[in-house]
Amino acid sequence: MSNQKTFESKIIAALKSEGFDVSPIKFHHSYLKKYKFTPKTVFDIGVCKGTPELYKSFPDSKIVLLDPLEETKEYYKNFTKQFDMDFIQCAIGSKKGQTCIHIPKNRLGSTSILERTEIYNPKEEISTRSVEVETLDNIIQERKYISSYGIKIDTEGYELEVLKGMCNSMKDVEFILTEVSIKKRFVDSYEFSELVSFLAKFDFELLDILNNYQYSPRYLDCLFARKNSFRFHLNMNKYPQ
Numbered sequence: 001m002s003n004q005k006t007f008e009s010k011i012i013a014a015l016k017s018e019g020f021d022v023s024p025i026k027f028h029h030s031y032l033k034k035y036k037f038t039p040k041t042v043f044d045i046g047v048c049k050g051t052p053e054l055y056k057s058f059p060d061s062k063i064v065l066l067d068p069l070e071e072t073k074e075y076y077k078n079f080t081k082q083f084d085m086d087f088i089q090c091a092i093g094s095k096k097g098q099t100c101i102h103i104p105k106n107r108l109g110s111t112s113i114l115e116r117t118e119i120y121n122p123k124e125e126i127s128t129r130s131v132e133v134e135t136l137d138n139i140i141q142e143r144k145y146i147s148s149y150g151i152k153i154d155t156e157g158y159e160l161e162v163l164k165g166m167c168n169s170m171k172d173v174e175f176i177l178t179e180v181s182i183k184k185r186f187v188d189s190y191e192f193s194e195l196v197s198f199l200a201k202f203d204f205e206l207l208d209i210l211n212n213y214q215y216s217p218r219y220l221d222c223l224f225a226r227k228n229s230f231r232f233h234l235n236m237n238k239y240p241q
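The following block contains the structure:
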């Protein structure tokens, strides 16, 4: 065992002896790269300040950012020198149209088409804004984005509607990394089992959960892949970098 591995093992053992659980940061490019996904185009749906660990995982892919907020453009500019990127300002849903989004004053990342339930209402000033809604199927068809696709979704309770708008493209999707609500955070949102069942219809199964451990989590960052993928046979603790 290398000196570094020996040192790491001693640190982990010492922390565990004091009642701490030690786990790797899984939403990190060094971990995601182990799965050997090779998408030609990666869609980041619900961007806010960006998802740099996702972009670093696929430095040779086309990255397409999709977000309804004008403010997101400022963060997009931070990545354009390093990655091949497009930014499309619109919400993504199950059908084309217009909708109203709810924007917390101090938390752009919590913007949602859905209203929050009372228990998860931050009790802060909320503004509303009318925005365009597109489907991912339409965007792929109109812009001729090259398959295969990687999908990341973080739309604050609207993830299932996003998935419903990409049914025609599912055959070309390699992976889906999506936030999935567990608790009742949003009015008229989906059940956890609904989203999992929907993806199962397209032969996607849960491959990994990327969150670090939380007591009674409100949501999970779930990685889905084709059920016949070799990745379901990998031991991620031993698989080489």
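The opening position of the sequence shown corresponds to residue 1 in UniProt numbering, with each subsequent residue numbered one higher.
Cβ coordinates follow ideal geometry from the N, Cα and C atoms, glycine included.
ask   = Which two residues bound the contiguous beta strand (DSSP E) that contains residue 129?
value = As a first step, residue 129 is located in the sequence shown; it is residue number 129 there, counting from the start. Note, residue 129: beta strand (DSSP E), 126-134.
message = Using only CA atoms, which one of 42, 47, 69 lies nearest to residue 57?
response = Along the sequence shown, read from residue 1 onward, the residue named residue 57 stands at position 57. Nearest option by C-alpha distance: 42.
ask   = Taking three-plus beta-carbon pairs below 8 Å as touching, is the region 23-39 in contact with the region 138-155?
value = yes
ask   = alpha helix (DSSP H) containing residue 104: first to last residue?
value = Taking the first residue of the sequence shown as position 1, residue 104 is located at position 104. Careful: residue 104 lies outside any alpha helix (DSSP H), inside the beta strand (DSSP E) at 97-104.
message = Alpha carbons only, please: which of 6, 19, 17, 171 is nearest the one belonging to residue 203?
response = As a working mapping, residue 203 is identified with position 203 in the sequence shown. It is 171 whose Cα lies nearest to the Cα of residue 203.
request  = Please name the residue in 53, 105, 180 whose C-alpha comes closest to that of residue 82.
outcome  = As a working mapping, residue 82 is identified with position 82 in the sequence shown. Answer by Cα proximity: 53.
task = Specify, as a first and last residue, the run of the alpha helix (DSSP H) that residue 161 falls within.
result = Taking the sequence shown and counting its residues from 1, the one referred to as residue 161 is at position 161. Unbroken alpha helix (DSSP H) run through residue 161: 159-164.
Sub-9 Å separation of residue 181 and residue 198 beta-carbons = As a working note, residue 181 is residue 181 in the sequence shown. As a working note, residue 198 is residue 198 in the sequence shown. Result no, Cβ atoms of residue 181 and residue 198 do not sit closer than 9 Å.
task = For residue 165, collect the residues of the same chain with a Cβ closer than 7 Å to its Cβ; drop the 5 residues on either side in sequence, then sort them by chain order.
result = For this step, residue 165 is matched to residue 165 along the sequence shown. 92, 93, 94, 95, 135, 136, 137.
ask   = Taking the alpha carbon of residue 210 as the point to measure from, which residue in 90, 98, 27 has its own alpha carbon closest?
value = Within the sequence shown, the letter at position 210 stands for residue 210. Closest by alpha carbon: 27.
query = Between the C-alpha atoms of residue 162 and residue 208, what's the straight-line distance to the nearest angstrom?
reply = Here the question's residue 162 lines up with position 162 in the sequence shown. Here the question's residue 208 lines up with position 208 in the sequence shown. Rounded to whole angstroms, residue 162 to residue 208 spans 20 Å at the Cα level.
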